[in-house]
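Inspection log for the structure reproduced underneath, given as structure tokens.
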Amino acid sequence: MKKISSKYVVWLVFGLAFMIGFFHRYSIGIIADPLREDLLLSTAGISLLSSMYFYTYGFLQIPCGIMVDAQGPRRVVLMGMSAVFIGSIFFALSPTPFLLYIARALIGFGAATVFTSIFKIQALWFKPTEFATIAGMTAVIGNVGGMLATAPFYHLTNALGWRGGHLILAIITVIPILIIYGWITDRPPAETDTKEDKEEHKNLEKNIEKPPQKQPQKITEGLKVVVSNPYAWVNAVILFMVFGSYMSFSGLWGPHFLRYVYEIPLEQAANLIMIYMAGVLIGSPAIGMISDRLQKRKRVLQAALFLLVAGWATMILILPVFQKMWLLMPVLFITGAVSISPMLCFTNTKELIPQEYTGIATGFVNMAPFFGTSVINSLFAWFLRTEETAATYQAGALLFLLAAIIGFTASFFMKEGLEAKVSKIH
Ligand SMILES: N[C@@H](Cc1c[nH]cn1)C(=O)NCC(=O)O
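Here it is as structure tokens:
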């Protein structure tokens, strides 16, 4: 069977898998009420159900990275998407909450395989100077999945129920499974390879085809290379702080912060969050493209994080004094656009670590945003422990400003990795 040779099509198919994973991430809110009624779930039960995905996803990032480096992204994603498929069917058919939790964990497990895999695909198929742009597009495609889990999923489940909705999701999941199984290879066909590509290919093949007894050694070596690299830790700190705030703001506290601090109805606050998300969607590829054009990661990220500090400071401390809604909109947009700038940290990590360990490296730094979100969410909740007022929300939101300042400061300790790679090629 003739394999797909277009890197964009290959990326798009993995992107579809990523989109499906993201969809599941944000899908529980919409079906919370029918789940409560049908399976008598409490609010705590709904929260646990949603979290099952995040826990498995976060904890499995390194194991998934290890599998991707050892087995190649194709096999790992096939296994992961099969788990999402089975999880979706179980979810749709679950007669009890317990089985629902198991199904959700299975979906989280499967979805966890995709991010490290798509980064490996990007590393194997795209040039270093295209990497940040395509990584930015990956974030877009994921977030589109997250957006589809809102109003469109609401209408789907209104028509078919939450069980029917999950059956449809299971059917959609078969699409990337079939295409990846039949038409996609881990690497571009050999005839289009440059000399450097061929060398890398040989290394990858050697790595994948290592006899089983050598693999544990390879994994330990890979983990050592990644964990002992101080610059990978710098990227993890930035991701913990900035993506932690971004997910905490957009996924949990943002609407209520705007509602209390700007004294507006919740519906208007939710619409304003869409402006922040529009910034994320446009900022992600734009920042990647600028970074690729300039062949700089560190400087571009620093400029973006500087704007992020200014954005949070304006939104939390300055604008509430004047209550100028027409100013809040551009500030939200710009803050969203630069909130996604740490996608460059994934790119930078990939550039600092040998390609055979791209999976482990991506998995390692991608744990940080998930821990960051849970820490920032909990700290924010602490500020609201006695009462929910404009002042307590403003105090909680100062965490976002503090996190941006820490992220910006950490960016001074980054090491540029692209220049070395590009000069090696030329
Ligand atoms: N787009 C980023 C960050 C993110 C998380 N939620 C919404 N955007 C991303 O894709 N991170 C990697 C991941 O595995 O989610």
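Residue numbers (the working numbering): 6 to 431.
Here a beta-carbon is modelled for each residue, glycine too, at the ideal position from N, C-alpha and C.
Which term fits residue i, buried or exposed, when burial requires 16 or more other beta carbons within 10 angstroms of its beta carbon?
i	result
Asp359	Per the sequence presented here, residue 359 reads as Pro, with Asp not at that position. Under this definition Pro359 is an exposed residue.
Arg298	exposed
Val179	exposed
Lys125	buried
Ser383	exposed
Ser93	buried
Trp258	buried
Ser11	exposed
Glu226	exposed
Thr394	exposed
Met330	exposed
Val266	buried
Glu214	Summary for Glu214: the model assigns pLDDT 48, below 50, so the residue's position carries little reliability; its value from the coordinates is reported in the next sentence. Exposed is the call here.
Met320	buried
Gln273	exposed
Met6	exposed
Pro217	Only weak support exists for where Pro217 lies, its pLDDT of 47 falling under 50; the value from the coordinates is given anyway. Pro217 should be labelled exposed.
Ala357	Residue identity differs from the one stated: residue 357 is Leu in this sequence, not Ala. The residue in question, Leu357, is buried, as its Cβ has 16 or more Cβ neighbours within 10 Å.
His431	Note that His431 scores a pLDDT of 45, beneath 50, so its modelled location is shaky; the value from the coordinates is reported in the next line. His431 is exposed by the Cβ-count criterion.
Tyr362	buried
Pro290	buried
His171	buried
Gln127	buried
Ala402	buried
Thr391	exposed
Phe23	buried
Ala156	exposed
Leu333	buried
Leu271	exposed
Are the beta-carbon atoms belonging to residue i and residue j less than 8 Å from one another?
i	j	result
Ala108	Phe120	no
Ile123	Phe59	no
Phe136	Lys355	yes
Gly249	Ile381	yes
Ile33	Ser47	no
Gly293	Gly141	yes
Ile365	Asp38	no
Thr162	Ile35	yes
Leu310	Ser346	yes
Phe245	Ala144	no
Ile177	Ile9	no
Trp61	Ala97	The displayed chain sequence assigns Thr, not Trp, to residue 61. No.
Gly115	Met72	no
Tyr281	Ala154	no
Leu349	Pro133	no
Gly377	Gln66	no
Gly316	Ile339	yes
Val15	Ile269	no
Val247	Ala408	yes
Leu263	Ala318	no
Could you work out which residue in the options is closest to residue i when comparing CA atoms only?
i	options	result
Arg79	Ser233, Ile185, Glu361	Ile185
Trp167	Leu105, Leu111, Ala366	Leu105
Val343	Leu404, Phe413, Thr391	Phe413
Pro194	Lys329, Leu129, Met419	Leu129
Val314	Val89, Val230, Met330, Leu337	Leu337
Phe417	Glu361, Thr397, Val239, Tyr159	Val239
Ile182	Ser52, Val89, Ser10, Thr101	Val89
Ile243	Leu98, Gly422, Val370, Pro100	Val370
Leu21	Met419, Leu83, Ala110	Leu83
Phe375	Ala400, Leu407, Ile287, Ala241	Ala241
Leu286	Leu53, Leu404, Ile146	Ile146
Ala117	Pro102, Ala154, Val149, Met57	Met57
His29	Leu174, Ser379, Asp191, Thr391	Leu174
Ala396	Leu45, Phe64, His261	His261
Pro221	Ala402, Gln76, Thr391, Ser379	Gln76
Leu45	Leu332, Ala400, Leu263, Phe103	Phe103
Gly151	Ser255, Leu404, Lys420, Leu406	Ser255
Ala64	Gln328, Asp43, Ser379	Note that residue 64 is Phe in the sequence shown here, rather than Ala. The option with the nearest alpha carbon to Phe64 is Ser379.
Phe27	Thr391, Val149, Lys301	Val149
Pro68	Leu228, Lys420, Gly288	Leu228
Gly284	Gln307, Tyr251, Gln300	Tyr251
Asp191	Val81, Leu40, Leu53	Val81
Ala415	Ala308, Ala400, Gln399, Asp43	Ala308
Is residue i a contact residue of ligand 2, with contact defined as CB to any heavy atom under 7 Å?
i	result
Ala22	Ligand 2 is not among the ligands present in this structure, which contains only ligand 1.
Practice item. Could you name the residues whose beta carbon sits closer than 5 Å to any heavy atom belonging to ligand 1, keeping them in chain order? Key: Phe120, Ala144, Gly147
Practice item. Check whether the stretch 271-287 touches the stretch 383-393, taking contact to mean three or more Cβ pairs, one atom from each stretch, closer than 8 Å. Key: no
Exercise for review: State whether the stretch 316-331 contacts the stretch 222-241, with contact taken as three or more CB pairs (one from each stretch) at a distance under 8 Å.
Suggested key: no
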